[in-house]
Every structure is written in structure tokens, then in C-alpha cells.
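Taking it in order: structure first as C-alpha cells, then the write-up.
2 protein chains.
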Amino acid sequence: MTVTDKESNEMSNDVSNDLTDEVTSDDLISSDFVLHQQLKQDTIELADLPLCKLLLCNDSAYPWFILVPKVAGVGEIYQLDWQQQQQLLNESSLLSEVLMQVFVGDKMNVAALGNVVEQLHLHHVVRFKTDAQWPKPIWGQQALTPYKADELSSLKAKLMPILTAVFA
Amino acid sequence: MTVTDKESNEMSNDVSNDLTDEVTSDDLISSDFVLHQQLKQDTIELADLPLCKLLLCNDSAYPWFILVPKVAGVGEIYQLDWQQQQQLLNESSLLSEVLMQVFVGDKMNVAALGNVVEQLHLHHVVRFKTDAQWPKPIWGQQALTPYKADELSSLKAKLMPILTAVFA
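Written out as C-alpha cells, the structure is:
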């Protein structure tokens, strides 16, 4: 199938309606999805959204969150079907806005890189003009600084009620 | 109306037949949008898509493209309205797939950073396991290597016919 064929198939879907009216998670996700071992190791699972797992990167240096679509065998955003892509965008934008409000950040960095872990995952990092790497990207710059138990509890207490309300 | 506006409207009408029957570029973009001076300086304008300017970063080290929504005063994806966000996703995914096919890349890196240039812009970088920075992100790692005239002509000859067909 060429790009052009794929485009017309994807684009033929009606994208004008609200996403969640008729969509259930069963339509969006793969039953055989398994979270990549490296992501499992470096993160803390916070929530299951309709499409994505929401992970907190275990690095207290930055408010750094990762969305992983629960779809098996996908490494690029464009490999998702159009409905999944829209849902990813929806979850990403809601998450971004919540994070910027809760952490009062200067800038949101959103990125699908995947040079090391091939499973599609979308980074969301709240950046501050005062942070250690500003204005450089954070990836690969320094070792992760794991959260202490009380830091993690505090972060969850601050964030989860708002996330739960927004994604309810 | 400038030539660019006219082209943009024509392209929008075609896309809108698939996306929704009522969308035109005029609904998506701001009449007072001005490309940020730094982006202007570091890139070569390739095309006007319905929502975005498509720019080529003037760095021959990587196939590195940037989409800039022609919307004034926006720094984050979630600040676009939902229709604009969907159109950005659509243009980004089509572009990503074309680039991966044309350049036969190993990985697409897509990122909205904006720590230096606050105007919303979405990087699309085709990565190769053999490239200078693999697997690290490319931003801020080395000085840009401007294209020579023949390299630029060759890139355009390879890419533009396919892009034009896909976005027609």
C-alpha cells in the first residue's frame, strides 16, 4: 500500500465528532500489548487511559511523564490507525495542559523519539527556565535520580485527583 | 490574496473533502501569523500546507523538517483548537510516513520542544543507526552544516513530487 492509498483510507474516517462518544478501549487497544521491559524498569505506572498507559519516569529531576499506546507492534505515530492517533493526541493534549497547570512549568516538551526503546512512547516533560538542562533537551544528559517515597507520594497526591477528574 | 494564500486555500479544499466538508485554511490559520525570525534564519521554506508551513532545517547532517502551524501566539500543541490539533496531527503523520519512505530511515523523531524558539513548531527528523548522534537526540549537539546548492536541489527533486502528490 502506498502512502497515498493509506492517506485516503485514514482520512475517510469522520474526525469531526467527539472522540469518546462511541469509542471504547476495546476498539483502540491490543489484547496482546506488553509494556517494554526498559519502560517498565525506568518508570512508575500511574494510570490506564483509554488508549495509553500513563507512566511517570522515575527521575525526580523533571516532571517527566510517558504515554504508551496499548497497541502491539507499533513504533511510529503514523502506524496507529487514525482513530488511535486522534485518541493519542487527545490524551497527550489533556495531559500536557494538566501538567503545565499543576507544575506551573515554563514549557512543555513533547516528543516521540524511540531510538533506544522501539515501542511507541510519547514523552511529556515539564520544563523550567531554572532546570538543570534548560534550554537543552533532557534525554541522555544525566543519570536518572529516582524518587524518594515521600516525593512520590507528594507528587501523586498533587496530580492524581486532577488527572482522574480530567480523564473521567 | 498572495499566491501563497491561494495555493494554501486550494490545498486545503482538497484535504477538507476528506477531513470535513467545511474546513478551509481560513478557518485554521491566523491572518497575522509571522514566522519566527530564528526559524526563518535556520530553515528553507518548502511548502504551505493547509495548517503549517513546511520548513527544511538547513543542516545537511540529517533529513530534518519542521512544521509550523500558521497560527499566531501559540507555543503549545494544546493551545491550538481541536480542529487545528487534528490537522497538525494529520500533516505530521503524512509527512513522517513520506520522509521514512523517501529517506529509508531507521526511526522518525517527532518533537515539540520550543525551549529556545517559543513559536510552536514540530520537528521531524529521520534518524539512521549510522548517523552522527545515534541514538541520542540531535538538538543542540553540533553546529548546523548548511546544504550546498546541489545537495538542496537533489533533496527537493527527490522529495517534492511525492509531497505534492500526498498533500494534493
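Note that the protein sequences, when read in sequence, are chains V and E. Read left to right, the first sequence gives residues 121 to 288 (my numbering). Read left to right, the second sequence gives residues 121 to 288 (my numbering). Glycine is no exception: its CB is placed at the ideal position from the N, C-alpha and C atoms.
Would you tell me roughly how many angstroms separate the C-alpha atoms of residue i and residue j, rounded to the nearest one?
i	j	result
Ser180 (chain V)	Leu264 (chain V)	8 angstroms
Lys190 (chain V)	Ala288 (chain V)	18 angstroms
Leu240 (chain V)	Glu196 (chain V)	6 angstroms
Ser145 (chain V)	Pro266 (chain E)	46 angstroms
Met220 (chain V)	Glu217 (chain E)	30 angstroms
Asn210 (chain V)	Asp168 (chain E)	25 angstroms
Ile164 (chain E)	Thr284 (chain V)	44 angstroms
Gln204 (chain V)	Leu159 (chain V)	21 angstroms
Lys126 (chain E)	Ile186 (chain E)	Its pLDDT being 36, under 50, Lys126 (chain E) is placed unreliably by the model, and nothing is read from it.
Ser273 (chain V)	Trp184 (chain V)	16 angstroms
Ser232 (chain E)	Tyr198 (chain E)	According to the sequence as given, residue 232 (chain E) is Ala; it is not Ser. Rounded to whole angstroms, Ala232 (chain E) to Tyr198 (chain E) spans 11 angstroms at the Cα level.
Phe153 (chain V)	Val188 (chain V)	10 angstroms
Leu175 (chain E)	Lys268 (chain V)	43 angstroms
Asp251 (chain E)	Met228 (chain E)	13 angstroms
Lys278 (chain E)	Val286 (chain E)	14 angstroms
Leu200 (chain E)	Gln261 (chain V)	30 angstroms
Ser150 (chain V)	Val194 (chain V)	11 angstroms
Trp202 (chain E)	Trp202 (chain V)	15 angstroms
Val224 (chain E)	Gln253 (chain E)	17 angstroms
Gln157 (chain E)	Gln157 (chain V)	43 angstroms
Beta-carbon separation of residue i and residue j under 7 angstroms?
i	j	result
Asp226 (chain E)	Arg247 (chain E)	yes
Ile282 (chain V)	Tyr182 (chain V)	no
Leu242 (chain E)	Ser212 (chain E)	yes
Leu148 (chain E)	Gln207 (chain E)	yes
Pro170 (chain E)	Asn235 (chain V)	no
Val230 (chain E)	His244 (chain E)	yes
Which residue wins for smallest C-alpha separation from residue i, given the options the options?
i	options	result
Cys177 (chain V)	V:Leu169, V:Leu171 and V:Gln161	V:Gln161
Ala192 (chain V)	V:Lys173, V:Lys268 and V:Asn235	V:Lys173
Lys83 (chain E)	E:Gln261, E:Phe153, E:Leu166 and E:Ser151	Look at the range of chain E in this structure, 121 to 288, and you will see that residue 83 (chain E) is not part of it.
Lys249 (chain E)	V:Lys249, V:Glu238 and V:Gln261	V:Glu238
Leu280 (chain V)	V:Leu215, V:Gln157 and V:Val224	Strictly speaking, residue 280 (chain V) in this sequence is Met, with Leu absent from that position. Selected option, being the one with the closest Cα: V:Leu215.
Give the residues of chain V in contact with residue i, contact being defined as C-beta atoms less than 8 angstroms apart.
i	result
Ser145 (chain E)	Simply none; closest approach about 16 angstroms.
Glu211 (chain E)	The premise fails here: Glu211 (chain E) is roughly 11 angstroms from chain V at the closest Cβ pair, so nothing lies under 8 angstroms.
Gln205 (chain E)	Leu209 and Ser213
Name the chain E residues whose beta carbon is nearer than 8 angstroms to that of residue i?
i	result
Pro189 (chain V)	Result: empty, since nearest Cβ-Cβ is about 14 angstroms, beyond 8 angstroms.
Which residues of chain V have a Cβ atom closer than 7 angstroms to the Cβ of residue i, listed in chain order?
i	result
Lys227 (chain E)	Gly234 and Asn235
Listing by chain order, which chain E residues have their CB less than 9 angstroms from the CB of residue i?
i	result
Ile197 (chain V)	Leu209, Ser212, Ser213, Ser216, Met228 and Val230
Listing by chain order, which chain V residues have their CB less than 9 angstroms from the CB of residue i?
i	result
Gly260 (chain E)	Pro255, Lys256 and Pro257
Does any C-beta atom of chain B lie closer than 7 angstroms to the C-beta of residue i?
i	result
Gln261 (chain V)	Considering every chain present, this structure includes no chain B. Its protein chains are V and E.
| When you check each C-beta in the stretch 231-246 of chain E against every C-beta of chain V, which residues fall closer than 7 angstroms? | Listed by position, the residues of the stretch 231-246 of chain E near chain V (Cβ gap below 7 angstroms) are Ala231, Ala232, Leu233, Gly234, Asn235 and Val236.
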